[in-house]
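Numbering-wise (the working numbering), the sequence shown opens with residue 4 and increments by one.
Where is the CB? At the ideal position from N, CA and C, for every residue including glycine.
Owing to the predicted nature of the structure, the values given are computational and were not obtained by experimental measurement.
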Amino acid sequence: MREFRIRGVSTNIAFVENLLKHLTFLNDTYTTKFIDTTDELFNFRKRRDRGTKVLTYIADITVNGHPETKGRAKPPAGLKTPIAPKVSTEAPPRGTRQILDEEGPQAVADWMAAQKKLLLTDTTMRDGHQSLLATRMRSIDMIRVAPAYAHMMPSLFSMECWGGATFDVAYRFLQECPWQRLRDLRAAMPNLMTQMLLRASNGVGYTNYPDNVVQAFVKQAAASGVDVFRVFDSLNWVENMRVAMDAVIEANKVCEGTVCYTGDILNPDRAKYDLKYYVEMGKALRDAGAHVLGLKDMAGLLKPASARILIKALKEEVGLPIHFHTHDTGGIAGATILAAAEAGVDAADAAMDAFSGNTSQPTLGSIVEALRFTERDTGLDMGAIRQISDYWEQVRLQYAAFESAQQAPSSEVYLHEMPGGQFTNLKAQARSLGLEERWPEVAQTYADVNKMFGDIVKVTPSSKVVGDMALMMVSQGLKRDDVENPAKDVSFPDSVVDMMKGNLGQPPGGWPEALQRKVLKDERPITDRPGKHLAPVNLEEVRAQLIADLDGFNVDDEDLNGYLMYPKVFLDYMGRHRIYGPVRTLPTRTFFYGMEPGEEISAEIDPGKTLEIRLITVGETGDDGEVKVFFELNGQPRSVRVANREIAAKTAQRLKADMSNPAHIGAPMPGAVATVAATPGAKVKAGDLLLTIEAMKMETGLHADRDAVVKAVHVQPGAQIEAKDLLIEFEE
């Protein structure tokens, strides 16, 4: 019975299911009053109907295109679904995860410090695609290859696969849950430590959150699968990092307190960020409880000669194992990692070959080869690296629409100092504002804004503020002198005002006073930790309200924390999920481009439950502006209707009845209205005829189910209707 799907009319299948499985019926002890006296026979579980929802999504993208890929480059014709290297189904070898689970985070740090080999973190699943493909990689492409990492590269230090921009992009653009991504990757790589990027008091957002929200988020991230938390502050303010660091330590996970690198320690004109500055910050992070010292070179500014000096000083004076992160925007980051390795750095980040270079990380395979047969030999298998990179190469082809225009490294990075993850995004913003041909001017203005702000650390979210200001100045023809001129009125972007208020924290030496006064006018800034001024959130009150807003949906701790970070983004995601279902299971090409007639795909919506989908044909657009799309779903013919947004509908779309509202009378089937007996304002009694519907040469009468007053009649005789169209409304 459960295999039957009868659409367009109501059926008693759910009732028959309940009857067939009821013990009284099975025991043959029922009487003629059995149905009358057994209420549970009428408790019907609402079908999730995920198949129809997924078909609706495919139909919509096939007819209308995906807003993220429309008009952009397409993958090569005939590109097949990438196939990951096959591995054993047995448990993978032991890895760093077992050290953490069995001995704790300090044991991991001690083990790191004792290694002669250079430890490597693979960033492909987080910063690799964030830097090269605007963070658009989908979970299915990561999860497919995760077992290969576990079995073929068990000696990796960690897999960076979560946090940063990946969190909101998953909800906002990829229509999938970032928490489920984390859980799935955790399960597929049980021997490798998973790593995330945490913006300290900014969580994975772009603003400061109350302390208890940050604490709850870290606790949940640890419970859902994060092992290593790289904690940083966008202005290098340790005071702003303590709440997040303490939460990581309390969760018994690896706390990587991170120094963000900017400037040039060898340049006497950039004395603000000299060697002493970095050593002192390293000591402060050590004293705050960090297990590992992170060195985050987000723009790829650290040069080989500087790396030797900096790493040596940090190793000698701070004493923590060091984990180095950089970007290859300038083209020499590989050399910087080798210099850092010579100076004793314990671990470094690299991206798998197919996702490396330019604004991403240096090439993992090349670093492994460069250190082979040396004292710092990584011990990683080059054959495994090549196989996994071949898989990633095929994956990357699917995301052609998101490739940046940067074809080669650029020394321009030493001028503007933009983080690798911002560079391509800012170029896209400039293009949308018509400033693409003025990019050199934008880059120079970005550098000017940085100096105007007092030469700050530029990493999310502070880097976004600098970018906002630079674009505004170029678009309005403003120079630095204009902005700093007290007599010239300037309307500053909201992000600049917020930063100057102190809501991102305090940079070394504070903000330039004259500029701050001009930005804030009469408003006084705060100079202590922003979190101190934010009242704690009542988490259970928020959960209760969210459950109510989502019509009783069970809001678990993951959902609650997602909502606390991005309220509107989360609600929008949930709204789309109700319409389209588990689209995360679709192949990437289908998700972004829909299907072609005759094409067949598989989508596993649950373990062991697979949808076999074949697109038969796409109909013509009707007068109502809708297109009928014909499929086969698991061998059965199915069709769905979607609006063609390219063509204005010739007739207004009918309202749909709210089936939970007893005052709404909806159409039980598609057809035509034959007669209408009800009139607005008329009083009707239970059983009175309201209207008749003609469908398939039969007339069906709709009768009032209670005494009521007719509020509105929405149809006329002859009108074509679809199932659930609103026909009549009663006064409530």
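Please report how far the alpha carbon of residue i lies from the alpha carbon of residue j, in whole angstroms.
i	j	result
residue 199	residue 319	27 Å
residue 58	residue 589	10 Å
residue 677	residue 717	14 Å
residue 77	residue 607	25 Å
residue 722	residue 622	22 Å
residue 602	residue 551	41 Å
residue 687	residue 709	8 Å
residue 109	residue 161	16 Å
residue 378	residue 306	22 Å
residue 582	residue 335	48 Å
residue 560	residue 540	14 Å
residue 197	residue 172	19 Å
residue 275	residue 194	42 Å
residue 229	residue 163	10 Å
residue 89	residue 440	47 Å
residue 547	residue 247	26 Å
residue 454	residue 506	20 Å
residue 158	residue 462	30 Å
residue 692	residue 681	8 Å
residue 498	residue 117	44 Å
Is the CB-CB distance between residue i and residue j below 9 Å?
i	j	result
residue 690	residue 728	no
residue 355	residue 330	no
residue 216	residue 567	yes
residue 604	residue 616	yes
residue 175	residue 575	yes
residue 340	residue 370	yes
residue 466	residue 496	no
residue 565	residue 573	yes
residue 54	residue 637	yes
residue 332	residue 137	no
residue 449	residue 473	yes
residue 168	residue 133	yes
residue 352	residue 124	yes
residue 712	residue 674	no
residue 508	residue 238	yes
residue 417	residue 85	no
residue 241	residue 282	no
Residue i by DSSP, collapsed to three states: which one?
i	result
residue 187	helix
residue 86	coil
residue 613	strand
residue 514	coil
residue 138	coil
residue 466	helix
residue 288	helix
residue 728	strand
residue 19	helix
residue 500	helix
residue 633	strand
residue 524	coil
residue 723	strand
residue 382	coil
residue 535	helix
residue 14	coil
residue 688	coil
I need the boundaries of the alpha helix (DSSP H) containing residue i, first residue and last residue.
i	result
residue 640	Taken as a continuous stretch (DSSP letters only), residue 640 belongs to no alpha helix (DSSP H), being part of the beta strand (DSSP E) at 639-646.
residue 550	542-552
residue 395	385-400
residue 318	307-320
residue 452	442-455
residue 329	Not the alpha helix (DSSP H): residue 329 falls in the beta strand (DSSP E), residues 325-329.
residue 345	336-346
Which residues mark the beginning and the end of the beta strand (DSSP E) in which residue i is found?
i	result
residue 133	Taken as a continuous stretch (DSSP letters only), residue 133 belongs to no beta strand (DSSP E), being part of the alpha helix (DSSP H) at 132-135.
residue 233	231-234
residue 3	For the chain, the structure presents residues 4 to 735; residue 3 sits outside this window and is missing.
residue 352	350-353
Please classify residue i: is it buried, with 16 or more other beta-carbons within 10 angstroms of its beta-carbon, or exposed?
i	result
residue 232	buried
residue 732	buried
residue 662	exposed
residue 220	buried
residue 414	exposed
residue 375	exposed
Report whether the distance from the Cβ of residue i to the nearest heavy atom of the ligand NAD is below 8 Å.
i	result
residue 324	Absence of the ligand NAD from the depicted structure is noted, as is the absence of any ligand whatsoever, leaving it without description.
How about residue i: is its C-beta nearer than 9 Å to some C-beta of chain C?
i	result
residue 267	Chain labels in this structure do not include chain C; a single protein chain is all it has.
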